Amino acid sequence: MNQPISLQQAQGFAFAFTNHPAGRSVIAIIFAFVVFAIFIAVIGRDPIEIYTKMFEGTLGSKVGLSEVGVRMIPFVLTALAAAIPARVGLINVGGEGQLYIGAWAATGVALYVDIGTIWLMLPAMAIAGFLGGAIWGGIAILLRHWRNVNEVISTLLSNYVAILFVNFFVFGAWKNPTGFGYPYTSNFEFESILPSIFDTRLHLGLVLPIIGIIATYLFLSRTRWGANMRAVGGNPDAARRRGIPVLRYIIIAMLVGGGLAGLAGMSEVSGIQHHLRPGISNNLGFMGFLASWMANHNPIAIIGTSFLIAAIVVGGDILQFSGDLPSAAMLILIGLVLFSVLGFRRLERKAE
Amino acid sequence: MSDVWLVLGGTLTGAVGPGISVLYATYGELITERAGRINLGTEGSMLMGACFGFIVTVETGSVTVGVFAAMAAGAGLSMVMAYLVIYRDTNQLATGFALTLFGAGITAYAGRGYVDSIIGGLNPISIPLLSEIPKLGQALFQQDILAYIAYVLGPLLFLGLHYTRAGLSLKAVGESIEVAFAAGRNPHVIQIAALAAGGALAGLGGAQLSLGLTHTWSEGMTVGRGFVAVGLVIFAIWSPLRAMVGAFLFGGAIGLQLQLQTVGAPVSPFILDMLPYLIILFVMALWSRASARAMPEGLKGVLKATT
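Those protein sequence lines, which keep their order, are chains A and B. Mapping of the first sequence onto this note's numbering: residues 4 to 355, in sequence order. Mapping of the second sequence onto this note's numbering: residues 29 to 335, in sequence order.
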C-alpha cells in the first residue's frame, strides 16, 4: 500500500527541487536570510527576535499584509519599467527618476488643471504620470540613438537630475503658501485622491500593477510583437534582417517602461502622499530594478520578487519604528538576497 | 565684467577639490574596464571609502590609517563583485548596481554614530613657488596630499598601461579573455586584481571627499559621483590623461555652481545642482563616436549603444 518514500525518491525530489529555477531561488533567499541573521548576531542582537518582529509586522496580520500590498504597487510598476526594456536588450536604471517625473506631472494636473470630477481627474493624472515618465525615459533613447550614449549611464545620471527637478518646484513655485515654509505642495482635493479600498491603506492604485502584469505577460508571451521583442533583445542584427523594425521596438519598449515608472509616481502622490514633496520615492525605483533582475525579467515572477522586497521594506520600517534596527539595514538584506539569487542561478556551460 | 572674472577665478579654485574624488574613482573604473569588466558598484565603493575612512580616522586619530582603511573598504566591496561576476557569471550591471545599494546600506548603518564627529582630516599643503603662480597656483598647488598624488597618478597610469607588462596583460584580457589565456596569462587573476584596484581607488576618492574636502560624513554623500566616474571613463576613451580632463570638468561644474550661489545669481540652487550631471551627459554625447571606436572588445557585449 502506501510505502514511505524511498531514499531514491527523496533524492530525486531534492534533485528536482535544487535544479528548478524557482527551487534554487528559494534556497538562495533562505541563504541570504541566514547570512543576514549572522550579521544581526554579530552586532549583538537576537536574529530570531528580529525576524519574528518582521514577520508579525508584515505577513502575520491584516494591517501588515495590506501595508506590504501598498508597497508592492510601486515595486511592481518600476520592476516592469526595467523588465520591458530588458526584453529588447535595454538596461533602464532610471526608474527612480521616471517615477519622480511621473509624480511631478500628475501633481501638476491635480493642482493646476481644473477638471472637477474624480472620474476624469484620476485618469488625467494617470495619463500625465505615464507621459512624464515616458518622456523622461525617452531622452535616454534619443541620446542613445543619435549620440551613441549608452542608456545605462544616461538613465543613471538622469535620476539625480529628476530629483533636483522636483525639488526645484516644491521648494519654489509649487510650495504650499500655507505650509509653514515646508517644501510641500498644497494637499490634493478629493477628486485627485485614489480612494482607499477594503478599509485599509490599500488604494485603487492597486489596479495599475495588476493590469500592468497581466497586459505585459499576455503581450510578451502571446503576441507576435512580444516574440519580435525577444528577437530584438537576442540579436538585433538578425532581427533587422528578418524585417523587424528594431528601432521602433526599442523606442516603444523604453517609453512604456518609463511610463509605467511614471504611473508608480502618480500612484504614490495620489494614493499615499496626497501632495508632492522631496524624497517621495526613497529608492523605490532602484529596488524595482533589483526586483526585475531577481525575477529574470519575467512578469509573473516579478509579483513574487516585488512581494519579497515589499515585505522586507515594511519589516524594516517596523524595526526602525521599534528602535531595533535602522531601516538602512534593510538595504543590506535586499542586497544579500539579490547577490544570492543571482549567484545561485545555474551556470550555463558556455559554448567555447 | 569684473564679476565674471571673480566667478571664473573662484570656479577654478573650486574645481580641483571636488574633481579629485571623482578623478580617483575614474582611475579605478578605468583600470577595471580595461580588464573587460564594468563596475557600477564604484558608487558603493566610494561610499564605503568615505564612511570607513572617516570612522577609522575618528577612532584612531590618524588620518593616514583612515585613508588606508578607506582603500581596504572600497576594495572589499569590489571583491564581492569579483566573486559573483567571475565565478558565478552573474550580470555585471545588476550585480554592480546591487552592490551600490548594499554599500549604501552598510555605510548608512555603520556611519550613524559619526554624523556629528569632528576630525582634523587632510589639510592643504602649499607647494613653494608653484602656489604663487597667479590664479592657477592657488587652485592647483594649495591642495591636500591626495590631490598631488592624483596629479602624478594619471601620467603614471598612462605609462603603466602602455609600457609595462602588467598594463599590457590588463589590456589583453580586456580585449579577449581567450586570446590572453592562450598567451599564457591568467585572466581571472588579472580581472580580480583590476577590480580590487578599482575598488581601492574608488574608496580613496570617497576618503578624499569625507577626509579632505568636507571633513564630515553624511549618508549618501557621494550623490552619484561613482556613476559619474563610470560615464567619465567612456568620455575619457579609456585614457587616464583624458580622465583628468573629464574629472576637472565635473569639478569645474561644481565649482561654478558654488560660485554662482555665492555671488547670488538669480537661478535656483536646484537648477545649478543639475549642472555637473548635465555637463557630463553633454560631453559624453559630444565625444561618443570616438569612445565607441576605442572601447575594449570585452566591454562591447555589455555597453553597446547602437542597434
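Idealized CB from N, CA, C, for every residue including glycine. Nothing here was measured: the structure is a model prediction, and the numbers come from that model.
Query: Closest residue to Ile59 (chain B) among B:Val273, B:Leu189, B:Gly292 (Cα-Cα distance); Result: B:Leu189
Query: Simplified DSSP state of His278 (chain A), which is helix, strand or coil; Result: coil
Query: Any non-hydrogen atom of the ligand ADP closer than 7 Å to Gly149 (chain B) Cβ; Result: Here there are no bound small molecules, and the ligand ADP is not part of this structure.
Query: Contacting positions in the region 132 to 147 of chain B - beta carbon closer than 8 Å to chain A; Result: Ala132, Gly133, Ile134, Ala136, Tyr137, Arg140
Query: Exposure of Asp301 (chain B), with buried meaning 16 or more beta-carbon neighbours within 10 Å; Result: buried
Query: Chain-ordered chain A contacts of Val251 (chain B) [CB-CB under 9 Å]; Result: Tyr163
Query: Secondary structure of Ser238 (chain B), DSSP reduced to three states; Result: helix
Query: Short CB-CB distance (under 8 Å) between Met76 (chain B) and chain A; Result: no
Query: Which of helix, strand or coil DSSP assigns to His216 (chain B); Result: helix
Query: Boundaries (first-last residue) of the alpha helix (DSSP H) holding Tyr115 (chain A); Result: 98 to 115
Query: Residue environment, Tyr52 (chain B), which counts as buried when at least 16 other CB atoms sit within 10 Å; Result: buried
Query: C-beta contact flag for Val73 (chain A) and Arg204 (chain A) at 8 Å; Result: yes
Query: Contacting positions in the region 111 to 126 of chain B - beta carbon closer than 9 Å to chain A; Result: Tyr111, Leu112, Tyr115, Arg116, Asp117, Thr118, Asn119, Leu121, Ala122, Thr123, Phe125, Ala126
Query: Ser273 (chain A): first and last residue of the uninterrupted alpha helix (DSSP H) it sits in; Result: Taken as a continuous stretch (DSSP letters only), Ser273 (chain A) belongs to no alpha helix (DSSP H), as it is neither H nor E.
Query: Status (buried if at least 16 other CB within 10 Å, exposed otherwise) for Ile205 (chain B); Result: buried
Query: Nearest-angstrom Cα separation, counted from Ala281 (chain B) out to Ala264 (chain A); Result: 30 Å
Query: Partners in chain A for Val258 (chain B), counting only beta-carbon separations shorter than 7 Å; Result: Ile156
Query: Neighbourhood of Gln120 (chain B) by C-beta distance below 7 Å, restricted to the same chain and skipping five residues each side; Result: Arg65, Ile66, Val113, Val330
Query: CB contact below 8 Å: Ser73 (chain B) versus chain A; Result: no
Query: Near-chain B residues of the region 260 to 293 of chain A (beta-carbon distance less than 9 Å), N- to C-terminal order; Result: Asn286, Phe289, Met290, Phe292, Leu293
Query: Three-state class that DSSP yields for Ile118 (chain A) in the structure shown; Result: coil
Query: Secondary structure of Ile161 (chain B), DSSP reduced to three states; Result: coil
Query: Range of the contiguous alpha helix (DSSP H) that encloses Ser64 (chain A); Result: Premise fails: Ser64 (chain A) is in no alpha helix (DSSP H) and is neither H nor E.
Query: Contained beta strand (DSSP E) runs [length at least 3] in the region 208 to 239 of chain A, N- to C-terminal order; Result: none
Query: CB contact check: Phe130 (chain B) to chain E, cutoff 8 Å; Result: In the structure shown, chain E does not exist; the protein chains are A and B.
Query: Classification of Glu160 (chain B) by the beta-carbon crowding that lies within 10 angstroms, buried from 16 upward; Result: exposed
Query: Limits of the unbroken alpha helix (DSSP H) element including Ser319 (chain B); Result: 316 to 322
Query: Proximal residues of chain B, C-beta to C-beta of Leu341 (chain A) below 7 Å; Result: Ala126
Query: Coil, strand or helix - Met29 (chain B) by DSSP; Result: At Met29 (chain B), the pLDDT of 48 sits below 50, so the modelled position is not reliable and the matter cannot be decided from this model.
Query: CB contact below 8 Å: Phe298 (chain B) versus chain A; Result: yes
Query: For Ala82 (chain A), the nearest candidate out of A:Arg90, A:Gly98, A:Gly326 (CA to CA); Result: A:Gly98
Query: Sequence-distant residues of the same chain with beta carbon closer than 8 Å to Leu198 (chain B), five excluded per side; Result: Ile59, Arg62, Ala63, Leu189, Ile218, Ala222
Query: Beta-carbon gap between Val173 (chain A) and Tyr103 (chain A) smaller than 8 Å; Result: no
Query: In DSSP terms, what His206 (chain A) is bridged to; Result: A:Ser199
Query: Segments assigned alpha helix (DSSP H), at least 4 residues, entirely inside the region 239 to 294 of chain B; Result: 253 to 263, 268 to 290
Query: Residues of the region 308 to 329 of chain B whose Cβ lies closer than 9 Å to any Cβ of chain A, in chain order; Result: Ile308, Leu309, Met312, Ala313, Leu314, Ser316, Arg317, Ser319, Ala320
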